[in-house]
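In C-alpha cells form, the structure reads like this:
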C-alpha cells in the first residue's frame, strides 16, 4: 500500500515523468525479430513495443508445443529491457485462437495431461501478471482458451466483423471452465454477465462482446494495428513502476488463488479428463470437427 | 476446477450433446400436475419443463405454510428425473409475491420465529443452488422476499407494466435485508446499485428494473409464458452436467456463507424480531395495511 | 443479519416511519454554524442537514491541518443528534479538493509522515462508515484524495462543466493509490473500470464520470445546492436505523480490511515516501507546479 498523490489537472503525465522512462532509441537496430514454429515476434526498439503474431494454422490451437513457445517468447520479452509492451494478434485469417488443443486431452497418459495443464496455468499466470502493457488485437474468433488470452491482457480491441465471436463456451462441449478462467472473466464483465454467459457457453459476436464489456472497442480490420499502437502509446505514457504496482494490486487476489491451489487444480484436471465419459465426448467432438472439414 | 474446451464456432451445442441428455418423450403421459393449498405445479414431460404457479391470494405472501409447500414442491421436481427446468409465476393478478408474511413475525413464540426463519433460509438455499434451470416469470409486483425468489433464479422476465415494481425494500419498513439477500442482490446488479437501492429500500418499476439489470427482459403480459418457454428451451439446449457445475462454481461462495452461519443467522433474527420496538413497528404497519384494504 | 420485510407497494416510507424519526424542529435556533481556518459548517436544525464547505485556497489541498479540522468537524456533527446528513462542497471556485498536500510528504521526518498518513486513514474511516447521510456536491475538479472524499459519500452530484474532472490519478505522478482507495473505487465503478482508470491515472471529465458511474448525476452549477438538498431529503425519508445498518453491511468488508492492516499501511507509506527516488519525483513535481503558477 502506497500513497495517493496530488492533483495535476492535465490528463497526460508530466513530461519529466515520461521522458526519463523511455528506452534509448537506437538508430542502428530499430527493430528486432525472432520467431519459432508457432509464433513470430517483432520488437520495435524505438517505441519499446513488441508484436506477437500467432501463426499456427489452421486455428492457432493451444497445443503443448504452442504453449511452450508462447511462454518462452513472453519470457524473452519480459527480460528484455527494451520492451515495455506487447500486442498479441493472429497471422491466421479469421481466427485469433481456437483455444486449448483437444488432441492434447485425448488418449494420452496422465503424465501428459499433467504437463499440458501445467503449461496452460503457466501461460495464464505469466500473461495476467505481466509487467508489460498487454493489448489483444483480436482479428478473428476467439473461443475458450483464446478468449482467456484476450481476457488476461490490459486492453482488448476486436475487429468489428459480426461473424467473429468471443467467449468462454466450454459448457457447450459438456465441460466446465476452471475457476481461474471464471475469476478472470468476472473481473472483466462482472458477476451477472459472467454467470449467464458461462452457463450458456455463449460465443458473443463482436458487437455484443463490446456491449457487455468483454472487449473495449471495435475497429475495422484495416485499422486494427494502427489503433492497437495508439492505445499502447497511451498506456506507455505512464511511468512503468506505478502502473505495474497498480496492475498487481488489482489482479493479485485472483492470481494468488490459482497459485495456492495449483497442484490441486492439475490433479482435478487429470482425473476429470481421464474419465471414460469425457474421453468419449471429446472423441465424438473431434470426429464431428473432422467431418465438418471434409 | 475442470478444464476449458476448444472452439465450436457455432453458437448452439452440437447435436450429440443435446440429444443424449433429453428425457425420453412419452406419448402416454405428456403432462403431470400436482398441487397443494398454495402452489400449483404442472410438469410437461416431453420438454422436461415444470411451471410452478403461486396461488395464495390476496398477495402470495410467504407464510410458514407457503414456504413449506414451496419447499416440498421444489424437492419433488428436483428428484424427478423427467424435470430439467422450472418456470415460477403467479396465479394471482398483479402480484408475483409480496414477500415474507408479517403475521409470522408478530406476537409469536421464539420457537415459531426460529422455525419460520429456518424455512426462509431453506427455500433460498434450495432455489439458489438448484440443479434445474430456474426462470422467474414475474407477472406482478415483487417486493422484499418476492424479489429474493426472482433474484435466486437463473433468469428473470418481467411484464413490462410500469405499475409493477420489484426490489428489496426492507429499509422502508425500518428493517434490514439479511446479508444473504444482499449477497444475492450484489451478484445480480453489482455493488454500487445494490448499496443505493438497499439503503433507500427502492421498489423499481419494471422499466427501471430492466435498466439496472435487476430483471433480464420485459415483455407484454400476454407474451410472458411464451417467452419464458423460449428462454427455457435455450438453457435446456446445454448439457445439464456442465451447466450445473458452472452454476455451482458461480454461486458457491455466497451459498457457503449462509451455510457456515446458519444457526447464528437464526438467532439474530429471533433476537431482532423479539424486540419490543420492532414488534411495535410491525403491528403499526399491519394496522396500516388493514386500513388500506377497507 | 436481520430479517427482510414485507411489501409496501408505495415507493415512499409510510408516514409513521418518517414522522417519529425527524428531529424536533426548533423555531428558536433553526440554523447553527461553526467554522475553523479551513472548513465552514452550517447546520439547519429544522431539516437536520449540515453543509460542510471546504475553504482552504488555492486548491483545498488535504494538509495535516485540513485533515485534522475536517475530522473534528465530522465528529462534532456525528455527535450532534440534530444532524442526520451532511453535504460536502467547496467554497473555492473550480476546485472541490486537489487531494493530499504534497508538501506533507516532502523533506519531513518519518514521525511526520506517520502522523500525516494516520490522519488520511482516519478521515476515510470516519467518512466511509458515517452514520449520517453523506452527499458530495462536487463543484470543481477532484483528483486523487479529493476523489476519495467524493467516493466515500453515499451519493455524488457533480457540476456538468466538462472542464471539471475527477479520478484517482496517482499513477500519473509515479505513485500508487493505496489498497483502500482502490477498494472504495471498485465498490463504486466495478473491477474493470477501476483497473483501467487506476493504471492510466485517468481524470474523467464530468460527462465521462457520469457514464462510468463515478458520479451519480450532473447538474448546472446554479442548481447544485438545490439538487443536493432534494436528494438529501429523499435519503432522510428513510428510518435512520435501518439505513445505517444497511450501509454498514455494504461497507464493512472494505472498512475491516484497513482496520486490520492499519499500522502496516502506515509503515508502508513511510518507507515508500522516504525513498530518495520518490522524494526526487515529488520535488520535481512541486517545482513544476510552482512554474505553472508563475
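Residue numbers (UniProt numbering), protein chains in the order written: chain A, 1 to 294; chain B, 1 to 294; chain C, 1 to 294. Cβ atoms here follow ideal geometry from the backbone N, Cα and C, with glycine treated the same way. Since the model is a prediction, treat every value here as computed from it, not as a measurement.
Where residue i falls, given that 16 or more other Cβ within 10 Å makes a residue buried
i                      : result
residue 58 of chain C  : exposed
residue 295 of chain A : Given that chain A is displayed from residue 1 to residue 294, the structure contains no residue 295 of chain A and the question cannot be resolved.
residue 205 of chain B : buried
residue 110 of chain C : exposed
residue 37 of chain C  : exposed
residue 207 of chain A : exposed
residue 79 of chain A  : exposed
residue 141 of chain C : buried
residue 3 of chain B   : Bear in mind that a pLDDT of 34 at residue 3 of chain B, under 50, signals an unreliable position, so the number given afterwards is only what the model happens to contain. That one is buried.
residue 45 of chain B  : buried
residue 217 of chain A : exposed
Beta-carbon proximity of residue i to residue j, cut-off 8 Å
i                      : j                      : result
residue 265 of chain B : residue 258 of chain B : yes
residue 171 of chain C : residue 242 of chain A : yes
residue 151 of chain C : residue 198 of chain C : no
residue 166 of chain A : residue 153 of chain A : no
residue 224 of chain C : residue 159 of chain C : yes
residue 228 of chain A : residue 175 of chain A : no
residue 97 of chain B  : residue 90 of chain B  : yes
residue 95 of chain C  : residue 51 of chain C  : no
residue 215 of chain A : residue 92 of chain A  : no
residue 102 of chain C : residue 286 of chain C : yes
residue 179 of chain C : residue 249 of chain A : yes
residue 121 of chain B : residue 262 of chain B : yes
residue 69 of chain B  : residue 161 of chain B : no
Beta-carbon separation (whole angstroms), residue i vs residue j, contact threshold 8 Å
i                      : j                      : result
residue 201 of chain B : residue 74 of chain C  : Incorrect: roughly 26 Å between the Cβ atoms, too far for contact.
residue 269 of chain C : residue 124 of chain C : Not confirmed; about 13 Å, so no contact.
residue 132 of chain C : residue 83 of chain C  : 6 Å
residue 63 of chain C  : residue 115 of chain C : With 8 Å as the limit, residue 63 of chain C and residue 115 of chain C do not qualify as a contact, their Cβ atoms being about 12 Å apart.
residue 41 of chain B  : residue 85 of chain B  : Rounded, the Cβ-Cβ distance is 13 Å, inconsistent with contact.
residue 187 of chain A : residue 283 of chain C : That belief does not hold up - the Cβ atoms of residue 187 of chain A and residue 283 of chain C are roughly 37 Å apart, past 8 Å.
residue 148 of chain C : residue 181 of chain C : 6 Å
residue 67 of chain A  : residue 144 of chain A : The pair is not a contact, with the Cβ atoms about 14 Å apart (cut-off 8 Å).
residue 190 of chain B : residue 190 of chain C : 6 Å
residue 113 of chain B : residue 281 of chain B : With a Cβ gap of about 15 Å, residue 113 of chain B and residue 281 of chain B do not count as contacting.
residue 31 of chain C  : residue 279 of chain C : Not confirmed; about 46 Å, so no contact.
Interface residues of chain F facing residue i [CB-CB closer than 8 Å]
i                      : result
residue 213 of chain B : Protein chains in the displayed structure are A, B and C, and chain F is not among them.
Residue i (DSSP reduced to helix, strand or coil)
i                      : result
residue 114 of chain B : helix
residue 86 of chain C  : strand
residue 23 of chain A  : With a pLDDT of 46 at residue 23 of chain A, under the threshold of 50, the predicted position of this residue should be treated as unreliable, and no value is reported.
residue 243 of chain B : helix
residue 296 of chain B : Because chain B is modelled from 1 through 294, residue 296 of chain B falls outside the range shown and cannot be assessed.
residue 100 of chain A : strand
residue 52 of chain A  : strand
residue 65 of chain B  : helix
residue 75 of chain B  : helix
residue 231 of chain C : helix
residue 59 of chain B  : coil
residue 92 of chain B  : coil
residue 215 of chain A : coil
residue 251 of chain B : helix
residue 256 of chain A : helix
residue 208 of chain A : helix
residue 237 of chain B : coil
residue 126 of chain A : helix
residue 45 of chain C  : coil
So within the region 140 to 204 of chain A, which uninterrupted beta strand (DSSP E) runs reach at least 3 residues, ignoring any that extend past its ends? Secondary structure in the region 140 to 204 of chain A: the beta strand (DSSP E) runs of 3 residues or longer, each lying completely within the stretch, are 140 to 143, 155 to 159 and 165 to 167 in chain order.
Please give the ranges of any alpha helix (DSSP H) in the region 259 to 293 of chain C, keeping only runs that are unbroken, at least 4 residues long and fully inside the region. Listed in chain order, they are 262 to 273 and 276 to 293.
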